[in-house]
Every structure is written in C-alpha cells, then in structure tokens.
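To keep things clear, I will list the structure first and then write my remarks on it.
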Amino acid sequence: MAADRPTRSRIYQNHHLDNTRWDAIAYRGDDVVVATPYKCGTTWTQSIVLHLIFQDLQPRPIFAVSPWIEFRATDLNEIRTRLRGQAHRRCVKSHVPIDGIPFDGAVRYIVVGRDPRDVFMSLWNHYSHYNAAAYAEFNDTPGRVGDPCPPCPDDVRTFWSWWIKRGWFDEDTEGYPFWSNFRHIQSWWDFRHLPNILFVHYNDLLARPKTEISRIADFLDIGCSDSVRDTIADAVSFRSMKAAADEIAVAAADIFDGGTATFINKGTNGRWRSILTPGDLRDYQETAARELSSDCRQWLEGAAT
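Written out as structure tokens, the structure reads:
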C-alpha cells in the first residue's frame, strides 16, 4: 500500500468471505462504510448511523438495510438491487482489512476498535452457538474457496490457542478459523490520518454514548440536536437493542442456538480475565507485540477503561 492512500491489493475468500463482491458495488459519494473487525460493535454502530440518517428511532433489519458486502452466503444481485433502490444515504458494512476494500476519498469510513481479548470472548459466544444451519450456510453455499469452517471446539481455551497463534490466510498469523483481527485493525490504523476515516472505540461507546454519537454525526456532516442525540443514545443502549433484537437481527435468528438473543449477547468487557491463563496472556503479548504498533495497541487496550 502507498504511504498516503490505501489500495485494494489482496483477495479474501474463505467460508465466510469473498471481497471480490465489491466489484459489483458502485459507491455514491456520500456512502458510509462501517469498516470494523468482527465483534467490535458493528451492529451497534450501524444502528447509530441509520438512526442519524433517518432521524428516527425505528429499529431496522440491519442485514437488509445495511448489508455486509463480503459475506458470500447472501445473494449479491439482491444486495446490489436493494442498494441501487435506496434513495436515502446508504450505509454498508465491511469486515476486511483496508487492503481488501475499494477506497474512495469521498466515502466516509467508520472503524470501531476493541481490546482483542474482549473481541475473543465475544467471538467465542458467537462461534460456540453456531447451529447446523449456520455451518450449512457457510460451508455449502456454492463458490466456497478453501476448507470448510470447522466446528467450534468444546473448550474455550482450545479456541484461544487456535485464534491467537494461527491465521486462516497464508499471510496471517492470528484469527483462525476466521480471519485476522490484529492485522485488520492495524491496517486501518496506518491510515487514520485520512480525513474520511473515523476511529471509534467500543469502550467509548459504552462509557460516553452521547459524545460518540455526536462525534459520528459531525463526521458524517449530519445535523443532530441534543434531544435527537439523547433519544438515539437510548435507542442504541444495550437494553433497547436487546429488546428489539428480533427486528434488528432477523437474519441471525436461524443460525444461532438461542436465536437473536445470542447474537446480541452481553455488551460487556473483561470476561477474559476469568478465562485466560498467564500462559494464554503471554501468547497474547507476543501476538500483540508482533502485529500491532505501540500506539495502536495502547489505544485498543486503553480507551475509556
């Protein structure tokens, strides 16, 4: 990648991903891309952006209104048709590093970060509750490149060893059996100086939701009064989103044991402290030191603690 501007230079294709699907999507100049690593508050941030765009509190089916472009199990023609038909400002989702997405200087990109140890715990909840329908969707949808998504191990620390020490793609060293988390956030961090990239921390969304909603509104050039901001903050609280999970996360109902209540789970941090051993944490230190710059790591581990 050039030092001053990202370029799309890698292909990400596995049981979940196919970033070549972006070839079918034409940006509009005012598009918003919520470009997060997995389990960092993506649905939360999409909901904030949609409430700001529509200036209302109506829960919307996130996966339909704000689709995940690289997710290969969804019908790409349907996504393209739906996005073409949206007369309002559009918001879409990406889960690939910056070298896997087309970059446009007019489009706004919101990147949400989270302590990788908290990402892992949220991912464990996600992965350990996949049901048979989920594996069929990921593995049996035609066009899969590479091996199928393996079943989740029974033991959380076995999964930790997979995730922290092994990559799915040849160039990656962590994230198995999905894709990188550390390298993903670092790839965006390297371009944080660009004016159309906004970094938001999961902990700040928890601690100061009104402030962060105002930051997002300002970044998107959307007018937002204090009263509207306050009502949005209430609408995207964990309590409200949990209550509206069946409306927000319709597509998750069939692929998780426990349905949408599993997809929108706890919204908390620090659960890793009672799970990971000193040896596990040494593995974390080694991976973080290798994959993250010191300032990126400090931000991930320290924002609004």
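Mapping of the sequence shown onto the working numbering: residues 62 to 366, in sequence order.
Every residue gets a Cβ at the ideal spot worked out from N, C-alpha and C, and that includes glycine.
Here the structure is a predicted model, which means the values were calculated and not measured.
Measuring only the C-alpha atoms, how far is residue i from residue j?
i	j	result
Asp251	Ala296	33 Å
Gly146	Ala125	12 Å
Gly331	Glu131	30 Å
Glu232	Pro209	19 Å
Thr234	Asn75	16 Å
Val311	Ser355	Its pLDDT being 45, under 50, Val311 is placed unreliably by the model, and nothing is read from it.
Ala87	Arg133	18 Å
Asp217	Gly102	Reading the sequence as shown, one finds Val at residue 217 and not Asp. Looking at the two C-alpha atoms, the distance is approximately 21 Å.
Ser335	Arg343	15 Å
Pro238	Phe230	9 Å
Gln119	His112	8 Å
Val206	Asn138	20 Å
Asp165	Arg276	21 Å
Val168	His77	25 Å
Thr142	Asp79	18 Å
Gly161	Ala278	26 Å
Ser189	Thr68	35 Å
Glu362	Asp282	29 Å
Thr81	Tyr263	28 Å
Glu198	Arg89	30 Å
Counting C-beta neighbours from all protein chains within 10 Å, is the total for residue i 16 or more, i.e. buried, or is it exposed?
i	result
Pro211	exposed
Glu352	buried
Ser241	buried
Asp65	exposed
Ser248	buried
Asp179	buried
Pro122	exposed
Glu273	buried
Gln346	exposed
Thr219	exposed
Gln359	exposed
Ala85	exposed
Ser108	buried
Tell me, to the nearest whole angstrom, how far the beta carbon of residue i is from that of residue j; I am working on the premise that it is less than 8 Å.
i	j	result
His149	Phe115	7 Å
Leu337	Trp185	Contact doesn't hold; Cβ gap of about 11 Å is too wide.
Trp83	Pro163	5 Å
Tyr191	Phe317	7 Å
Arg253	Phe260	6 Å
*Is the region 168-180 touching the region 91-101, taking contact as three or more C-beta pairs under 8 Å?*
yes
*Scan the region 124-165 and note each continuous alpha helix (DSSP H) run of 4 residues or more that stays entirely inside, going in chain order.*
137-146
*Kindly confirm or deny that the region 202-222 and the region 117-131 touch, where touching means at least three C-beta pairs closer than 8 Å.*
no
_Stretch pair the region 155-171 + the region 218-226: three plus CB contacts closer than 8 Å_ = no
*For the region 67-108, list the beta strand (DSSP E) runs that are entirely contained and at least 3 residues long, ordered along the chain.*
93-96
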